[in-house]
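First comes the structure, then the notes that go with it.
Chains as they are written, first to last, in this note's numbering: chain A, 25 to 145; chain B, 93 to 193; chain C, 138 to 803; chain D, 205 to 393; chain E, 1452 to 1830.
Right under this line is the structure:
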């Protein structure tokens, strides 16, 4: 007899336990540690010199472009996983189908590459 | 009798309502887009519930398509937000009515 | 072997070649472009041979349905038009011609175009043309054929205007396109009428549906379909009155003239008539009209050819004239000899054009025969193959043209729709053909050299050989010539006349082409023999007699031409002066272009002007200028709805959703 | 009431409440984080509905990819917290809200009676009848991933191929829009 | 007394699934929690050996030095008693939340690893994978995908330029390599035909390749293995991909404003993730808990005469766990070795490697493997 429970239940249990561990460590450190704050300690760390300007400034758009490409290829990967589990049943039909799918995305990828969106310099 | 898919459909209705309220009452495009994500998630939940309700895979497959569309929407929408913020230094929806009739 | 797949491959490989050359290999070296293009025709040629000697030879009809193309509800049922390909004995012949002659011409063109920049465009068009031509020939229904029919028109337009920077070339392309459109209208109408009458456009289904009874009950409709098809044929196959585009089409590169405007595209009309023969023979009117138009075109074009001085123009009018022969053959009910002549003509006319191209290439784009002469010493292969081509086209006994032309002429007299008058017209055309072809050959290749050595610097500044020594072209150009010459010699034996067959002791009922095409033409034969009691009213003696007559005429006219032009191109001046007015009329091509200009184009322009004045200016601009005021009134109300605020738009979504759910509740 | 139904209800209610929290946040980062939590909860709900692959994809794609882009954009633009304007609700909007609350309550009671399940049966919608038609599931119900794959790659073949074009267009579009004037802003990093 | 014992037995019998599951989770948690301190010590010792130093070797237990194995314990105690302050400019809530996220995710992710095949207790067969979903190891990917937020949030909430840039760089790097990671494992999915790690391990042990090699994924698709190991380094922000926290350029990246226990929670998460991904590699490419040339079933049959039926499965499971840990330890060694051997990439090089080399290579590998497997299996 196989002991069966809902497969998602262990995740919940693990989550609660992990939260206990991580939260417990945080709280324990909060309770156990000394409390001697001073302005220099609480100030922004900027290699010892007084902080110049704020951290709230706009950053390069390249991070965004990277993230964009990431979601689109992530979607692709997820679709491909679907195909991979059914590789044996879909046979060459599936391979061709996926080849077309990937080829289309490669076109987009080549465009991005040519456009220099991935050049971090 | 209370069943999971039916309850799920109801939750998806509620989520949709809240999301729609978010899109309607927030003035910031970023928040509007986040609310749109709620709408899409509500739709996904409805699809998965329908899939369970009818015992077919159609709902789940369509859910993947919705997901892909959502990804594209987020990509283009956020690109627009960045472009807008650059040119107008504002992403308030009310400032953008160039298409006013 | 999977013949269905092979059939699809035959069609698709040239398309692939066109796409490769057109999109991917734009910057590839010339060698790659040419090899891809040639292979894209040669591989289908191999497949065609396999099909030809395999299932087609065994009498099978190979058919493949690629996908369902058009599906519409029609007359209570469904009109399904699949993208279906089929190859039977008729299309197999054309298949071999298109791919076989096509590969030779591709090979030749690779060399011929060696001085051009960006030839990928040329070869992409050429491959696309072959694709279109193949879908014309292989289509199992009229719609697929029409696709090819339009496709070859487009490719022809693109290739005529290949050197589009020259306005004359662009105009020639447009002229061809417009003349073809008129013909295509006929084809379209024929297609619509057959859908109406038979509920299908599939050839085999039409053939099955067309019973004698149906034909008798719908005689006007059948005649109308036949005449509309004829209109299509006159457009594509350059018959009276739409032939005018073909001579101008010689503006394109010579390989194009050889492939499209001599060997393949212009013969598609013959193919179509043969394909629809089972229908045409039901209408006496249509058949007679076809025969008369064919005979008149043959003679008419031949007369123009007599006086032309441009080597390609002569060949162009010769093509029109030979096409007239084929149409005549079809019109008198001898479809198989129309096809036979199509085949032999494809060989020798391609040979002649390629030979002419070889000369033009060697002469650095000089086309005037008055500036040539004596070239046979410098270009022996080109010269002698050209001579063989000439002998074939004028019907020298034993060569291919002799057999196919004589069979057509014999049937023009004796065939089911034949008449001695038609024979007379044809014989006259043959006589003219002998004259102008011998004139052409002699002036170009024999006699004194009239080549001007001074002319050589236009357009070839980058060439570093300063004296333009005329010499034989490389093997890539002469090899096709030799192969075609061989085919021009032996190609005619498929239609060997009865009389000769009996003399030679060949004991077959029919000659090869008749035997080969008998499955295709069976129903047409049946109708014709039913309508006329006995098939043909000829005899061996009549056949011998006609043969002798045409040979005699040929010899006389050739001799006449030789004697006249022995002294050079001025040899014909005495006769020209004697009939002054007529000469100038013929030289101006019977002033048909001017006639069209005056009778059709100018009035059309006037109508256009009128439409512009009253339609565009008054009506449309009036609406445009006045309309907005009304629209403005409406929109000023509506625009308040469109606030430009996403929020307000979303409220509509909100209301709709809540309403939907409320509806579920109730 | 079994454990999965209970957890489903708890997750659903939490998700709805969190979505309410989300739309009233002032900081975009907070809103995004709450949204990630909502998506994770939804993934759990998918799991309980036995849509295992959907659950995994929900986390991988939505929570792990789409939201990353949101977070990136929020951090890139470093938007200040937004002042909420609650005064903007008009009478019409009040009516809308009232109606929707009414409808929501009404639907809730109906769902409590299980009207959909019985309704579907009475409408004659058979279990396991694919909308796209043709394809029959040939894997046991426990093989959720294979079933989804079979449906997608057989029934929804064209949609699948079209999605690739959509994604390609989105890639190109996003790069074009976002990178347009980056030459002038290259020093912003 | 006997009645209450019977009640406990009854409860255990009916809820064996729940109890066993909690037991498995606890086991995995213990392993994950041990990894971080031990690895810190290993890194320091190994670094010392590489650099010809001695390293921490003093702290021992009860007067025994044990090569300084007491060091981790001392470190933990030190960290616990350090001052725990929140910089005033920081966003308090997210500043506190940020380190908890990676730790929790790391500890939850490790539950997806099969620690052994199965044990039989009182007639109940217990699968030794704490979380065994239908979607298989996509669970691990999902968890790894969520790992980005801890880093990004830490960077953002610290409200420090270095931290923000470091956090964004680290998250951009993680997502960039996630694609190649997913694509690298795709061929393995269609080679084994399953997403289930237990199934993959079974497929690797049931036959021999060419008659003598274990049928491991590393031999079936070596390029996938190389790709995966490289992306694994990048995913966990380890050298040579650690420039998000590069000391020279960004002081310590997103960690700059963190100290005491919060700081160590990041490392707890990082090491747990390292362990998880190493174990995933082991399961997919190196046969998991299986001893090469000795499938689990055979091992159990070998052990049965010695230990009788049920305990034999326990012993076999313990051996399997040991084998798994040995294989993972080899990877951990590789991690540390790489850290002190390879120089760090420049950021543009790093992104370039990810997008311009890894991704196309992964796609190409996918195509080639699809064709090879297609020809071998489908023709």
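Cβ atoms here follow ideal geometry from the backbone N, Cα and C, with glycine treated the same way. Values in this document were obtained by computation on a predicted structure and should not be read as measured data.
Would residue i pass as an interface residue toward chain D - the criterion being a Cβ-Cβ separation below 9 angstroms?
i	result
residue 162/B	yes
residue 1715/E	no
residue 135/B	no
residue 1622/E	yes
residue 138/B	no
residue 132/A	yes
Here's a check: name, in chain order, each residue in its chain whose Cβ is nearer than 7 angstroms to the Cβ of residue i, leaving out the five neighbours to either side.
i	result
residue 419/C	352, 359, 664
residue 361/C	330
residue 180/C	150
Could you please give the first and the last residue of the uninterrupted beta strand (DSSP E) stretch that includes residue i?
i	result
residue 556/C	First-last for residue 556/C: undefined, no H or E at that position.
residue 419/C	Where residue 419/C is concerned, there is no enclosing beta strand (DSSP E), given that its DSSP letter is neither H nor E.
residue 223/C	214 to 224
residue 1831/E	Absent from the structure is residue 1831/E, since the part of chain E shown begins at 1452 and ends at 1830.
Could you confirm whether any beta carbon from chain C is found closer than 9 angstroms to the beta carbon of residue i?
i	result
residue 220/D	no
residue 110/B	no
Contact criterion: CB-CB distance below 9 angstroms. Does residue i meet it with respect to chain B?
i	result
residue 88/A	yes
residue 257/D	yes
By a C-beta neighbour count over all protein chains shown, 10 Å radius and 16 as the cutoff for buried, is residue i buried or exposed?
i	result
residue 761/C	exposed
residue 1649/E	buried
residue 694/C	buried
residue 298/D	exposed
residue 1733/E	buried
residue 718/C	exposed
residue 601/C	With a pLDDT of 44 at residue 601/C, under the threshold of 50, the modelled position of this residue cannot be trusted, and the question is left open.
residue 1459/E	exposed
residue 109/A	buried
residue 1665/E	buried
So, for residue i: in the same chain, excluding its five sequence neighbours on each side, which residues have a beta-carbon less than 8 angstroms away from its beta-carbon?
i	result
residue 453/C	383, 384, 386, 387, 394, 398
residue 594/C	Low confidence applies here, because residue 594/C scores a pLDDT of 45, under 50, leaving its location unreliable; read the following figure in that light. Taken in chain order, the list of residues that qualify is empty.
Given this structure, state the Cα-to-Cα distance separating residue i from residue j, to the nearest angstrom.
i	j	result
residue 182/B	residue 234/D	20 angstroms
residue 1561/E	residue 1716/E	16 angstroms
residue 35/A	residue 1582/E	7 angstroms
residue 159/C	residue 273/C	22 angstroms
residue 142/A	residue 277/D	17 angstroms
residue 1542/E	residue 1535/E	15 angstroms
residue 579/C	residue 654/C	38 angstroms
residue 258/D	residue 1586/E	9 angstroms
residue 550/C	residue 563/C	10 angstroms
Taking 9 angstroms as the CB-CB cut-off, is residue i touching chain A?
i	result
residue 1821/E	yes
residue 1806/E	yes
Leaving out the 5 sequence neighbours to the left and right, which residues in its chain are closer than 6 angstroms to residue i when beta-carbon positions are compared?
i	result
residue 298/C	306, 307, 310
residue 438/C	454, 457, 458
residue 1603/E	1618, 1622
If we cut at 9 angstroms on Cβ distances, does residue i have a partner in chain E?
i	result
residue 128/A	no
Counting contacts by CB-CB distance shorter than 9 angstroms, is residue i in contact with chain G?
i	result
residue 144/B	Judged by its chain identifiers, the structure shown contains no chain G, and its protein chains are A, B, C, D and E.
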